[in-house]
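> Next up is a structure, given as structure tokens.
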Amino acid sequence: MVILDNHVSRPRWCCSANDGNGFFGDADFDPEVWIDGLVKMAAMFAGVGNVVGMSIRNELRGPRQNTDDWYRYMQRGAEAVHAANPRVLVILSGLNNDNDLSFLHRRPVHLSFSHEVAFEVHWYSFSDPHQWAGGNANRVCARVAASVVRRMLYLLDRGWPVFLSEFGVDNRGRRQPRPFRGPGLAEAPPYKVLFHPATGLCVVRRSLMPAATPLDLALPVQPLELGPCNETEAWEYSGEHRLVLRDTLLRLCLRAEGAGRKWAYTTLN
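Just add 202 to the spot in the sequence shown (first one is 1) and you have our numbering.
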């Protein structure tokens, strides 16, 4: 099966917010030329049985994007493709690099046909990089999955087909894999959790600090606690031999003056 994908108007690497190909009216994205091209491609492949769909535009994006123009031109493009090739599945992408179809909550598409329409979404591990690098993996997974449902996959409950047309990870091995473990793991920071082998538990953070504590002082909190490892936070071992919490704006680390002494959070200078 083949899906024709209208990726860019000016052939080049894709994609950036300001590459001239991002949204209707950009330097290289004339809506009338775009619709004319869609019609030509739909007609060209009208008799080709293994061409089952046409994604009419990839990853709408950039500073010009807005919902009014999305409805105006995406509906026109869909109708033009269907008129030229009624058999082919017309696939509509959303905003923000195909990460947002939430606006259809309030205002559905209005087309003269309904059985040959689907929506597409993209989901990459690097779409939410800072969450995966610094947060509890279980809680981040729940938040990200709920966000995807809220922004895109809710359409399934409304009877619309949703096509996950792009997904993946950064396979260059230059950074910590997010969120799916793939190539590059050996180069990732090895200190992710504080594990207590005798109990099989991990260090968990129940509270951070009293509200009135000055930020430039040690930050006394509740005693160090052990708990389920699926509730721990992300730690890293810095080049200065410090254990640092990765998901706080203050860059908090653990400080202890010696064996048996009370520990505390302190801020990195």
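Every residue gets a Cβ at the ideal spot worked out from N, C-alpha and C, and that includes glycine. Note that the coordinates shown come from a computational prediction; the quantities given were computed from them, not determined experimentally.
What's the gap between the Cα of H324 and the Cα of G279?
Numbered from its first residue, the sequence shown carries residue 324 at position 122. Numbered from its first residue, the sequence shown carries residue 279 at position 77. Their Cα atoms are separated by approximately 20 Å.
> Assuming I258 and I293 are in contact, meaning their beta carbons sit under 8 Å apart, how far apart are those beta carbons, in whole angstroms?
As a first step, residue 258 is located in the sequence shown; it is residue number 56 there, counting from the start. As a first step, residue 293 is located in the sequence shown; it is residue number 91 there, counting from the start. About 7 Å separates the two Cβ atoms, so the contact holds.
> Assuming the contact rule is C-beta atoms closer than 8 Å, G239 and D230 should be a hit. Round their C-beta distance to whole Å, please.
As a working note, residue 239 is residue 37 in the sequence shown. As a working note, residue 230 is residue 28 in the sequence shown. Actually they are not in contact, since the Cβ atoms of G239 and D230 sit about 12 Å apart, beyond 8 Å.
> For V406, report the span of its beta strand (DSSP E) as first-last.
Within the sequence shown, the letter at position 204 stands for residue 406. Per DSSP, V406 belongs to the beta strand (DSSP E) from L403 to V406.
> Alpha carbon to alpha carbon, how far is P385 from S327?
Within the sequence shown, the letter at position 183 stands for residue 385. Within the sequence shown, the letter at position 125 stands for residue 327. Caution is warranted here: a pLDDT of 48 is assigned to P385, below 50, making its placement in the model unreliable, and the coordinate value is therefore given only provisionally. Between P385 and S327, the C-alpha separation is close to 13 Å.
> Compute the distance between the beta-carbons of I237 and A286, then report whether it is under 8 Å.
For the purposes of this step, residue 237 is taken as the residue at position 35 of the sequence shown. For the purposes of this step, residue 286 is taken as the residue at position 84 of the sequence shown. No; because the gap between Cβ atoms is not below 8 Å, this pair is not in contact.
> Alpha carbon to alpha carbon, how far is K242 from V290? Give it in angstroms, no decimals.
Within the sequence shown, the letter at position 88 stands for residue 290. Within the sequence shown, the letter at position 40 stands for residue 242. If you take the alpha carbons of V290 and K242, they lie about 13 Å apart.
> Run through the segment 267–316 for me and flag every whole beta strand (DSSP E) of 3 or more residues, listed as ranges in chain order.
291–295
> Can you tell which of V311, F225, L445 and W272 has its C-alpha closest to the C-alpha of R360?
One-based indexing of the sequence shown puts residue 360 at position 158. Out of V311, F225, L445 and W272, V311 has the C-alpha closest to the C-alpha of R360.
> According to DSSP, is D238 part of a helix, a strand, or is it coil?
Here residue 238 refers to the residue found at position 36 when the sequence shown is read from its first residue. Residue state, collapsed to three classes: helix.
> Should H284 be labelled buried (16 or more other beta-carbon atoms within 10 Å of its own) or exposed?
For the purposes of this step, residue 284 is identified with residue 82 of the sequence shown, where counting begins at 1. By the neighbour-count rule (16 or more Cβ atoms within 10 Å), H284 is buried.
> Among residues of its own chain, excluding the 5 on either side of Q267, which ones have a beta-carbon nearer than 8 Å to its beta-carbon?
For the purposes of this step, residue 267 is taken as residue 65 along the sequence shown, with counting starting at 1. Only G224, F225, L297 and N298 meet the Cβ criterion.
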